[in-house]
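So the sequences go chain by chain: R and H.
Heads up: the first sequence begins at 1 in our numbering, then just goes up one per residue.
Heads up: the second sequence begins at 1001 in our numbering, then just goes up one per residue.
Accompanying notes for the structure given below.
2 protein chains.
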Amino acid sequence: MKYRIGVDLGGTKMFVSLANGDGEIFRSQRVPTKALQGPSIVLNHLKSIVNEIIAQDGISLKDVEGLGVCIAGFFDIRSKRIVSSPNLPGWELFPLEDELTAQYDLPVIVENDANAAAYGEYVFGAGKDKNNMIFITLGTGIGGGIITDGKLLRGSRGFAGEIGHMIVLPQGPPCGCGKFGCLESFSSGSAIEREGRMLLQEGRSSILSGLAGPGSVLSASHVFAAAREGDKEALKIVERAAYFLGLALSFTVNLLNPDVIVMGGGMAHSGEIFFNPVRRCLEEAAIAPAAKMVSLVPSCLGDEAGVKGVLALLDDHLQGK
Amino acid sequence: MKYRIGVDLGGTKMFVSLANGDGEIFRSQRVPTKALQGPSIVLNHLKSIVNEIIAQDGISLKDVEGLGVCIAGFFDIRSKRIVSSPNLPGWELFPLEDELTAQYDLPVIVENDANAAAYGEYVFGAGKDKNNMIFITLGTGIGGGIITDGKLLRGSRGFAGEIGHMIVLPQGPPCGCGKFGCLESFSSGSAIEREGRMLLQEGRSSILSGLAGPGSVLSASHVFAAAREGDKEALKIVERAAYFLGLALSFTVNLLNPDVIVMGGGMAHSGEIFFNPVRRCLEEAAIAPAAKMVSLVPSCLGDEAGVKGVLALLDDHLQGK
């Protein structure tokens, strides 16, 4: 039996999995990335994790057919280098794919993490059999990936699918990317947290104060909980986040006419208090024939979507697709 | 030798061409559509034009291999019907493709006109050899089409590429589609005309008044000309139109990472007074790695893009691609 290795290389954590040719994962390990130590040390660390994982199943690298890695950054599919990554500082221009190929002497593919997660949800998850799919991941930041005609849409260099940095309101709040008014600056978990903190500081929400508790760290889920309990100010935050998300999704619907929009990330299970206004805005803003037919569903694969997707992409690659 | 027929069925005009298998057009005719007479009468009229055109070259329908038609409306590629079309009122749910197949007893394809024009520019025009391309047509309205990985992106039902109706400013000016603040309501020829007329009515632009002349019909090109002559109010109109176009294009760049954006339609040759601010806004608003590599060019094929594109799509179809 032949094995494959899938890696999700994030800014804070690395997720390493051993799988078979059908993408079934036998064993996984999650460790801190320590990205600031630079690519060489991180890749050495990865290698030791890989060796550890396969040794536990009594196999060697000779039994492994290929390695798929997805990363939190812009990976140029032509130059095979990381072009930029706020999550992996200092990795710019690192020849990740060639380096991995040299280290493992195996077929290697590298893909952006949100693109890989989109493909994972398409092959194994909430977008199964939906050949035209938008994937959006709503967490600390907002990422995205696009499936058209059953294929991952990469664009010219692999930078496609950047839903989170469409500017939905020029001169809006500052975004981590350096611009202002990106979708991420309104509708990400960190944006909702930021607005919630302002409510607390201004003493405008007793329900939220009660939920967050004194001295505790406020998170977006507290804001959602307060909104569900009838806190009008918290509800305003949730509805504004939902409104701009619906607006941005209407752009993807107009441009791409998808069957389904799959929502992943920590906020995917925020429930109807969030998704109802998202759906309402999307339906109002998108062109009618495309808006009517698209459904909005939560993702299935959770934080395994990236690894599963990169394993599916590796499988396509090994089959010469 | 085998021939093909390409038709661009617009709201006001029909463009009918006879071509060979390489998409070379031998003969064309342009006639009013008279869309309001309904699909049956228009299709009879089309048939007589087709017969007339081929008779002039001494050929018969037996020498014709296929018919490609592009139309100004939402054509559902699954049901093979026109779902809606502001330009062809009363054609909703008309089974255009089946009707044409029955009438001509030939392989027939039907495509949205902007999608066909995008494919035309990709195969024969300004997007040649650029596998990832955005096409936008700037005329009375704003249409668009998308090429990814060398293929026309249709989406689930063929409604993809609707760049003109992305809402770039909620609660903006009314758009012909019934919504408010669509790109078309800011950056189309008719939007620029509307703003120019307001300038004239309010007596705020002597240069524009001089150019338009008393009693003459103001067009967008008068506004561009006045801006070029230093009319500050006209320049504001042009720059606002350019700003929102650049913003909408930044959405397409973030989502699709194209090599090139091809601008067609009447405004494609407005020059640097328009394209400089479009480019500036696009570069500021889009993600850096994708913005850096995309170029903005005028289309080459003019109003033949639709017919040429539908002939190329017909060729793919006949070759079983």
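Cβ atoms here follow ideal geometry from the backbone N, Cα and C, with glycine treated the same way.
Cβ separation of residue i and residue j, assumed to be a contact under 8 Å, to the nearest whole Å
i: ILE77 (chain R); j: ARG4 (chain R); result: Not confirmed; about 20 Å, so no contact.
i: GLU162 (chain R); j: ASN1254 (chain H); result: 4 Å
i: LEU1247 (chain H); j: VAL1297 (chain H); result: Going by Cβ atoms, the distance from LEU1247 (chain H) to VAL1297 (chain H) rounds to 19 Å, so no, they are not a contact pair.
i: LEU1061 (chain H); j: TYR1104 (chain H); result: 7 Å
i: GLY953 (chain H); j: SER1185 (chain H); result: Residue 953 (chain H) lies beyond the stretch modelled for chain H, which goes from 1001 to 1321, so this question has no answer here.
i: ASP1063 (chain H); j: LYS1130 (chain H); result: ASP1063 (chain H) to LYS1130 (chain H), Cβ: 34 Å. No contact.
i: GLU233 (chain R); j: ARG204 (chain R); result: 5 Å
i: SER1209 (chain H); j: GLU1193 (chain H); result: Contact flag wrong, Cβ pair sits at about 15 Å.
i: GLY1324 (chain H); j: GLY1176 (chain H); result: Since the first residue shown for chain H is 1001 and the last is 1321, residue 1324 (chain H) is missing from the structure and cannot be characterised.
i: GLY127 (chain R); j: VAL260 (chain R); result: 6 Å
Cut-off 7 Å between Cβ atoms - residues of its own chain near residue i, not counting five sequence neighbours on either side
i: TRP91 (chain R); result: PRO39, GLY73, ILE82 and SER85
i: VAL1050 (chain H); result: ILE1005 and VAL1016
i: PHE1275 (chain H); result: LEU1296
i: ALA1160 (chain H); result: ILE1146, LEU1153 and ARG1154
i: GLY362 (chain R); result: In the structure displayed, chain R extends from 1 to 321; residue 362 (chain R) sits before or after that span and is not available.
i: GLY1150 (chain H); result: ASN1131
i: GLY1120 (chain H); result: LEU1301, ALA1305, GLY1306, LYS1308, GLY1309 and ALA1312
i: ASP98 (chain R); result: LYS80
Same chain, Cβ closer than 6 Å to residue i, neighbours up to 5 away in sequence not counted
i: PRO1277 (chain H); result: GLU1239 and ALA1242
i: CYS1070 (chain H); result: ASP1008, GLU1111, ASP1113, ALA1116, GLY1306 and VAL1310
i: PRO1170 (chain H); result: GLY1181
i: PRO1174 (chain H); result: PHE1180
i: ILE1324 (chain H); result: Given a span of 1001 to 1321 for chain H in the structure shown, any question on residue 1324 (chain H) remains unanswerable.
i: THR1101 (chain H); result: VAL1108
i: SER1187 (chain H); result: ALA1241, PHE1244 and LEU1245
i: SER28 (chain R); result: SER17
i: GLY1139 (chain H); result: GLY1189, GLY1265 and GLY1266
i: THR1148 (chain H); result: ASN1132
i: HIS317 (chain R); result: ILE109
i: GLU1283 (chain H); result: ALA1291
i: ILE136 (chain R); result: GLY144, ILE163 and MET263
Outcome for residue i when other beta-carbon atoms lying within 10 angstroms are tallied against a minimum of 16
i: SER1295 (chain H); result: exposed
i: VAL217 (chain R); result: exposed
i: THR1252 (chain H); result: buried
i: ASN1257 (chain H); result: buried
i: ALA55 (chain R); result: exposed
i: MET1267 (chain H); result: buried
i: SER1250 (chain H); result: buried
i: THR12 (chain R); result: exposed
i: LEU199 (chain R); result: buried
i: MET1133 (chain H); result: buried
i: SER1304 (chain H); result: It is Glu, not Ser, that sits at residue 1304 (chain H) in the sequence shown. GLU1304 (chain H) is buried by the Cβ-count criterion.
i: MET1166 (chain H); result: buried
i: GLY271 (chain R); result: exposed
i: LEU1096 (chain H); result: buried
i: LYS292 (chain R); result: exposed
i: ASP315 (chain R); result: buried
i: GLU1202 (chain H); result: exposed
i: GLY144 (chain R); result: buried
i: ARG279 (chain R); result: buried
i: ASP1022 (chain H); result: exposed
i: ASP57 (chain R); result: exposed
i: LEU1046 (chain H); result: buried
i: GLY68 (chain R); result: buried
One or two residues paired with residue i in a DSSP bridge
i: ALA19 (chain R); result: R:ARG4 and R:ILE25
i: CYS1070 (chain H); result: H:ASP1008 and H:GLU1111
i: LEU1256 (chain H); result: In DSSP, LEU1256 (chain H) forms no bridge with anything.
i: MET267 (chain R); result: Looking at the DSSP assignment, MET267 (chain R) forms no beta bridge with any residue, so it has no partner.
i: THR140 (chain R); result: THR140 (chain R) is not bridged to any residue.
i: PHE1297 (chain H); result: Reading off the sequence, residue 1297 (chain H) comes out as Val, not Phe. VAL1297 (chain H) pairs with H:VAL1262.
i: ASP76 (chain R); result: R:ARG81
i: ARG30 (chain R); result: R:PHE15
i: LYS151 (chain R); result: R:THR148
i: PHE1135 (chain H); result: H:GLY1145 and H:VAL1262
i: VAL1064 (chain H); result: H:TYR1003
Neighbourhood of residue i by C-beta, 8 Å cutoff - its chain only, sequence neighbours within 5 removed
i: VAL42 (chain R); result: LEU9, MET14, THR33, LYS34 and ALA35
i: ILE1273 (chain H); result: PHE1224, ALA1227, ARG1228, LEU1235 and VAL1238
i: GLY125 (chain R); result: VAL262, SER299, CYS300, LEU301, ALA305 and LYS308
Residue i Cβ short of 8 Å to the ligand ADP heavy atom set
i: VAL1294 (chain H); result: The model depicted lacks the ligand ADP and carries no ligand whatsoever.
Worksheet item: Which ranges does the alpha helix (DSSP H) cover as unbroken runs of at least 4 residues, wholly within the stretch 167-243 of chain R, from first to last along the chain?
Response: 184-187, 189-201, 206-212 and 220-228
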